[in-house]
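Here's the structure we're looking at; comments come further down.
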Amino acid sequence: MRQKFSTWLRGIPLRWRLTAWYVFLLALILAGFSAFIYFNMSRSLKQGLDSLLFSQGEQVLSSLDNENGLPRLDPNLPLLPGTYFGLYDTGGKVLDTNMPADLATGFQVQGLTASQPATVEIKGVEWRVLLVPVREKGQQPYWVLVVRSVEETEEPLDRLLLFILIAIPMTLLVAAGGGIFLARRALQPIDRIAAKARQISATDLSRRLDLPHGNDEVGHLVATLDEMLDRLDRAFQRQRQFTADASHEFRTPLAVIRSQAEAALQRQHSPAEYRQALEIIRDQAEWMGNLVAKLLLLARSDDRMEQMEMEPLDLGELVEGVTAEFQGMAAEKGLRLVKKIKENVVVRGDQTRLTQLLANLVDNAIKYTPEGEVVISLERRGRQALLQVQDTGVGIPEKHLAHIFERFYRVDKARSRAVGGFGLGLAICDWIVRAHNGKIEVESAVGRGTTFKVWLPVE
Numbered sequence: 001m002r003q004k005f006s007t008w009l010r011g012i013p014l015r016w017r018l019t020a021w022y023v024f025l026l027a028l029i030l031a032g033f034s035a036f037i038y039f040n041m042s043r044s045l046k047q048g049l050d051s052l053l054f055s056q057g058e059q060v061l062s063s064l065d066n067e068n069g070l071p072r073l074d075p076n077l078p079l080l081p082g083t084y085f086g087l088y089d090t091g092g093k094v095l096d097t098n099m100p101a102d103l104a105t106g107f108q109v110q111g112l113t114a115s116q117p118a119t120v121e122i123k124g125v126e127w128r129v130l131l132v133p134v135r136e137k138g139q140q141p142y143w144v145l146v147v148r149s150v151e152e153t154e155e156p157l158d159r160l161l162l163f164i165l166i167a168i169p170m171t172l173l174v175a176a177g178g179g180i181f182l183a184r185r186a187l188q189p190i191d192r193i194a195a196k197a198r199q200i201s202a203t204d205l206s207r208r209l210d211l212p213h214g215n216d217e218v219g220h221l222v223a224t225l226d227e228m229l230d231r232l233d234r235a236f237q238r239q240r241q242f243t244a245d246a247s248h249e250f251r252t253p254l255a256v257i258r259s260q261a262e263a264a265l266q267r268q269h270s271p272a273e274y275r276q277a278l279e280i281i282r283d284q285a286e287w288m289g290n291l292v293a294k295l296l297l298l299a300r301s302d303d304r305m306e307q308m309e310m311e312p313l314d315l316g317e318l319v320e321g322v323t324a325e326f327q328g329m330a331a332e333k334g335l336r337l338v339k340k341i342k343e344n345v346v347v348r349g350d351q352t353r354l355t356q357l358l359a360n361l362v363d364n365a366i367k368y369t370p371e372g373e374v375v376i377s378l379e380r381r382g383r384q385a386l387l388q389v390q391d392t393g394v395g396i397p398e399k400h401l402a403h404i405f406e407r408f409y410r411v412d413k414a415r416s417r418a419v420g421g422f423g424l425g426l427a428i429c430d431w432i433v434r435a436h437n438g439k440i441e442v443e444s445a446v447g448r449g450t451t452f453k454v455w456l457p458v459e
């Protein structure tokens, strides 16, 4: 039942729901305020009536006189209109009164409490009464009863209640109209946002909401949605570029494999020729396998599925190991591979990934440095470890620096396949650094060399 009600409620337009809530809350406020006014006024009128009874009772007592040994009240007593009085003996017999006889005899003074106002109903009419004792020589021979109709308090209360019953529905009706108008005005920007958003599709994310907005909630929503569209557009562009680049990378080795296989099948060849064709096919398959492994690593990193085995690591030992591993490769090109470890620095990280990071950077430095040296340095700066790989190679043009960490991006596309690159190494380096809560920077000048700086938090 609750689910059906929720479904039905969600089907109601938002402007109607906002108006309904607005009118409901206003009705509660008006009802509470009206009840407060009504009961306060009722109490005030009742207190005023009781005060009037006391003052009128004092006037009646002051006019009490004896005539031939019998108590008498002044018939010309200047009382307020609507005030009645009666003089009773202790047995409840009426001795003197300005009330009609049937009314005077209807009051049972024995059942009333002295000096305490009470409400008595006689023949369907309510009366507010005050019983005052008359004492003579320490005794109480008589009672004076002062009476006023409750109608004088009920009449203004009835008028107030009638006003409330008319005013509240009219107010709610006007409030509902105003609420609908205000809700429609308030939601107009949302309607424009929805209309603009319908024009944006996954195939064309270049469009923006581009709506005028201020520094309010709607303005923040528009700005946030435009920022989200920017991110989505960049992500889709990267995805399309990634797909195109991956397809391009696979197309060449697949073409080589196919051509070698077709050539081998067209006619008989010598064992040496078959062996050469198979070696070419093997090399291309191995190259594609390495590419697939790196693509899988990046895909797992995007999904946060690649687990890191974090442990305290001495970066100095890692630099020592990578330097020793690449000494032979540097010597073959006539390069000097120099390490500068100023102090031992301990970080918390994954040894395999950090080794891969440094190896990628050193491998690139050696590949693109025709002569000179490659320097690996390590030092500590405050709470950060600074690992640098500096070469004296060809350098990177400034226009490419902002893109070198993008996947499949190559500064020299013609030469990269010759040196065995995929254009994924620096993208993997960037992921490894970010996974260790660090950052990687690059500085380069054409013809003067390149420096990669890796900042990692120390233990």
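Following UniProt numbering, the numbering of the sequence shown begins with 1 at its first residue and continues without gaps. Even glycine gets a Cβ: it sits at the ideal position worked out from N, Cα and C.
Please list, in chain order, all residues of the same chain as residue i whose beta carbon is under 7 Å from its beta carbon, the five residues on each side excluded.
i, result
"L14", "L187"
"H403", "Y409"
"V94", "G86, Y88, A104 and T105"
"F163", "none"
"Q284", "P253, V256 and I257"
"V458", "V345, V346, V347, R380, R383, Q384 and A385"
"C429", "L357, N360, L361 and I440"
"D350", "M308, E309 and M310"
Taking residue i as the reference, give the member of the options with the closest Cα.
i, options, result
"D102", "G91, A330 and K123", "K123"
"V221", "A194, K333, D233 and R267", "Sequence inspection shows Leu at residue 221; the Val mentioned does not correspond to that position. Minimum Cα distance to L221 is reached at A194."
"E121", "S115, V132 and Q108", "Q108"
"V23", "V174, Q59 and L49", "V174"
"E371", "R383, L172 and A330", "A330"
"E398", "R448, S34, V60 and L357", "R448"
"W143", "L161, I166 and T113", "T113"
"A20", "S55, G179, N76 and L337", "G179"
"I341", "W287, F54, L378 and R43", "L378"
"I168", "G48, A31 and Q59", "A31"
"R275", "Q59, L49 and A261", "A261"
Is residue i helix, strand or coil when you go by DSSP?
i, result
"E443", "strand"
"F163", "helix"
"F452", "strand"
"E332", "helix"
"V94", "strand"
"F85", "strand"
"P117", "coil"
"I281", "helix"
"L401", "helix"
"V23", "helix"
"I12", "coil"
"I200", "coil"
"L131", "strand"
"R17", "helix"
"E311", "strand"
"L221", "helix"
"S270", "coil"
"S63", "coil"
"L318", "helix"
"E126", "strand"
"L49", "helix"
"Y38", "helix"
"R185", "helix"
"V150", "coil"
"L157", "helix"
"S416", "Low confidence applies here, because S416 scores a pLDDT of 48, under 50, leaving its location unreliable and the question unanswered by this model."
"R407", "coil"
"L145", "strand"
Sorted by chain position, which residues of the same chain lie with C-beta nearer than 6 Å to residue i's C-beta, five sequence neighbours on each side aside?
i, result
"L278", "none"
"V150", "E126 and R128"
"G92", "V109 and Q110"
Below 8 Å on the Cβ atoms is my guess for residue i versus residue j; work out the distance and round it to an integer in Å.
i, j, result
"R148", "R128", "5 Å"
"R348", "M310", "5 Å"
"R381", "E343", "With 8 Å as the limit, R381 and E343 do not qualify as a contact, their Cβ atoms being about 11 Å apart."
"S146", "F85", "Strictly speaking, residue 146 in this sequence is Val, with Ser absent from that position. That belief holds up - the Cβ atoms of V146 and F85 are roughly 5 Å apart, short of 8 Å."
"V362", "D314", "In fact, because the Cβ distance is near 18 Å, the residues do not count as touching under 8 Å."
"W455", "Q384", "5 Å"
"L45", "P156", "7 Å"
"L265", "L318", "About 49 Å; that fails the 8 Å criterion."
"K453", "L354", "K453 to L354, Cβ: 15 Å. No contact."
"L80", "Q56", "7 Å"
For residue i, decide whether its Cβ has a neighbour in chain D, counting only Cβ atoms nearer than 8 Å.
i, result
"W21", "This model lacks chain D altogether, as it is built from one protein chain only."
Please go through the same chain and pick out, in chain order, the residues whose beta-carbon is closer than 8 Å to the beta-carbon of residue i, but skip the five residues on each side of it.
i, result
"T450", "A365, Y368, Q390, D391, G393, G395, I396, V442, E443 and S444"
"E325", "A359"
"G111", "none"
"M41", "P156, L157 and L160"
"L335", "I366, T369, E371, G372, E373 and V374"
Threshold first: 3 residues or longer. Then list the beta strand (DSSP E) segments lying entirely within the segment 335–398, N to C.
Complete beta strand (DSSP E) runs here, min 3: 336–341, 346–349, 373–381 and 384–391.
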